[in-house]
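Data first, discussion second: the structure below is written as C-alpha cells.
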Amino acid sequence: AQKITQTQPGMFVQEKEAVTLDCTYDTSDPSYGLFWYKQPSSGEMIFLIYQGSYDQQNATEGRYSLNFQKARKSANLVISASQLGDSAMYFCAMRDRTQGGSEKLVFGKGTKLTVNP
Amino acid sequence: DAGITQSPRHKVTETGTPVTLRCHQTENHRYMYWYRQDPGHGLRLIHYSYGVKDTDKGEVSDGYSVSRSKTEDFLLTLESATSSQTSVYFCAIGPGTTNEKLFFGSGTQLSVL
Chain A
438 AQKITQTQPG MFVQEKEAVT LDCTYDTSDP SYGLFWYKQP SSGEMIFLIY
488 QGSYDQQNAT EGRYSLNFQK ARKSANLVIS ASQLGDSAMY FCAMRDRTQG
538 GSEKLVFGKG TKLTVNP
Chain B
850 DAGITQSPRH KVTETGTPVT LRCHQTENHR YMYWYRQDPG HGLRLIHYSY
900 GVKDTDKGEV SDGYSVSRSK TEDFLLTLES ATSSQTSVYF CAIGPGTTNE
950 KLFFGSGTQL SVL
C-alpha cells in the first residue's frame with residue numbers, strides 16, 4: 438500500500454530565508470506522480486508543484502522547487518525567499534494507479550509553516 | 850479556476866440522521882474524489898469515482914456511501930451520521946492522468962451533534 442510521510446508537524450522560518458519541507462513516500466509502482474499543495478487559513482487547496490517519477494529534472498515553479506531523490510523515495514519542497522503569505526499548511530501527495538487501473542491521490546498529514554517577520 | 854461546487858458549505862445535524870453532500874463539476878473530468886480533513890490526519894480519501902457508476906473505496910470508507918449517476922455529480926452519503934464524522938469534507942476532480950493535478954472544491958464543514 439502506498440504511503441506518504443511528512444515528519445514535520447510544524448516549521449518556523451524567518452522572512453526572506455529558504456525552508457525545506459520533508460516528504461517521503463512508499464510505492465511499488467514504477468509510474469507515479471508527486472504533488473505539493475498549500476492550504477492557507479482560508480481553507481482552499483492550492484496546487485504548487487508536480488514531479489513525475491520518470492522526470493529527470495527536479496521540478497521548479499517560481500520560488501518553489503522540488504528536491505526529488507528517487508532512490509531515497511523523498512520529494513522535499515523547497516521554498517526560497519520566504520514571505521509572510523507563505524504561512525500555511527503544506528501537503529505532500531502521491532498519485533498512482535491501482536491494480537484495477539484507476540488512479541487515486543493519497544496525502545500526507547501536512548506541515549504547518551509559520552513565517553516570522 | 851476549475852468549475853467545482855460543493856453543497857452545502859456548512860451543515861449541522863444530529864447523530865443518527867442521514868446526510869448527503871453534493872459535488873458538482875462543469876469540467877467534464879473523469880475522476881471525482883471525496884476526502885475528509887481532520888487535525889493531525891491531513892486529507893484522507895473516503896471514496897472516489899473514475900466514471901459514471903464506477904466507484905471505489907478509499908482508506909476511510911466505513912460509514913460512507915457514494916453515487917455517481919452522471920459525470921457532473923458525485924454524492925457522498927452518511928447513512929446514519931455519528932459524531933466521529935464531524936469533519937471538513939473536500940471534493941476534488943481530475944482528468945485521470947498521473948501528471949495532472951486535482952482541483953478542489955471549497956469544502957463542507959459538517960458538525961454531527
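Line by line, the protein sequences give chains A and B.
Just add 437 to the spot in the first sequence (first one is 1) and you have our numbering.
Just add 849 to the spot in the second sequence (first one is 1) and you have our numbering.
Ideal Cβ placement from N, Cα and C applies to all residues, glycine included.
Bear in mind that the values here come from a model prediction, so they are computed numbers and not experimental data.
Look at the alpha carbon of residue i and the alpha carbon of residue j, and state the distance between them as a whole number of angstroms.
i: Gly852(B); j: Thr864(B); result: 32 Å
i: Asp567(A); j: Leu542(A); result: Residue 567(A) lies beyond the residue range present for chain A, which begins at 438 and ends at 554; the question has no answer from this structure.
i: Leu894(B); j: Tyr882(B); result: 7 Å
i: Glu928(B); j: Gln506(A); result: 44 Å
i: Phe953(B); j: Ile942(B); result: 7 Å
i: Pro467(A); j: Val961(B); result: 41 Å
i: Asn948(B); j: Gly545(A); result: 18 Å
i: Cys940(B); j: Pro857(B); result: 12 Å
i: Met531(A); j: Gly480(A); result: 20 Å
i: Asp887(B); j: Thr444(A); result: 17 Å
i: Ala930(B); j: Tyr469(A); result: 35 Å
i: Arg854(B); j: Ser490(A); result: Note on identity: in this sequence residue 854(B) is Thr, with Arg being the wrong assignment. Cα to Cα, Thr854(B) sits roughly 31 Å from Ser490(A).
i: Ala512(A); j: Lys475(A); result: 15 Å
i: Gly538(A); j: Val901(B); result: 16 Å
i: Lys950(B); j: Cys529(A); result: 12 Å
i: Thr862(B); j: Thr935(B); result: 10 Å
i: Gly889(B); j: Gln488(A); result: 25 Å
i: Pro446(A); j: Thr866(B); result: 35 Å
i: Gly891(B); j: Cys460(A); result: 13 Å
Considering just the uninterrupted stretch of the beta strand (DSSP E) at residue i, what are its terminal residues?
i: Arg885(B); result: 880 to 887
i: Gly905(B); result: Here residue 905(B) turns out to be Asp, not Gly, going by the sequence shown. Note, Asp905(B): beta strand (DSSP E), 903 to 906.
i: Glu540(A); result: 540 to 544
i: Gly547(A); result: Taken as a continuous stretch (DSSP letters only), Gly547(A) belongs to no beta strand (DSSP E), as it is neither H nor E.
i: Asn495(A); result: Asn495(A) -> no beta strand (DSSP E), and no H or E assigned at all.
i: Cys872(B); result: 868 to 874
i: Gly891(B); result: 891 to 900
i: Asn504(A); result: 501 to 506
i: Thr442(A); result: 440 to 442
Less than 8 Å between C-beta atoms, sequence neighbours within five positions excluded: which residues of the same chain meet that for residue i?
i: Tyr899(B); result: Arg879, Tyr880, Asp905, Gly945
i: Glu921(B); result: His873, Gln874, Thr875, Asn877
i: Asp903(B); result: Arg917
i: Gln536(A); result: none
Ignore the nearest five residues each way along the sequence and tell me which others in residue i's own chain have a CB closer than 6 Å to its CB.
i: Lys860(B); result: Leu959
i: Leu570(A); result: Residue 570(A) is absent from the structure shown; chain A starts at 438 and stops at 554.
i: Pro477(A); result: Ala525
i: Glu794(B); result: Lying before the first or after the last residue shown, residue 794(B) is absent from chain B, which here runs from 850 to 962.
i: Leu870(B); result: Leu925, Tyr938, Thr957
i: Ile486(A); result: Trp473, Ala496, Glu498, Tyr501, Leu503
i: Phe923(B); result: Cys872, Met881, Ser898, Arg917
i: Tyr462(A); result: Ile441, Lys510, Met531
Is residue i buried or exposed, if buried means 16 or more other CB atoms sit within 10 Å of its CB?
i: Glu540(A); result: buried
i: Ser933(B); result: exposed
i: His896(B); result: buried
i: Ala508(A); result: exposed
i: Lys919(B); result: exposed
i: Ile483(A); result: exposed
i: Arg885(B); result: buried
i: Val868(B); result: buried
Give me, in chain order, the residues of the same chain whose beta-carbon lies closer than 7 Å to that of residue i; leave out the 5 immediate sequence neighbours on both sides.
i: Val552(A); result: Val450, Glu452, Ser519, Gln520, Leu521, Asp523, Ser524
i: Val456(A); result: Met448, Val450, Ile516, Ser519, Leu550
Run the proximity test for residue i: is its beta-carbon closer than 7 Å to any non-hydrogen atom belonging to the ligand FMN?
i: Gln855(B); result: In terms of ligand content, the structure shown is empty, and the ligand FMN therefore cannot be addressed.
Could you tell me whether the segment 911 to 921 of chain B touches the segment 493 to 502 of chain A, where touching means 3 or more Cβ pairs closer than 8 Å?
no
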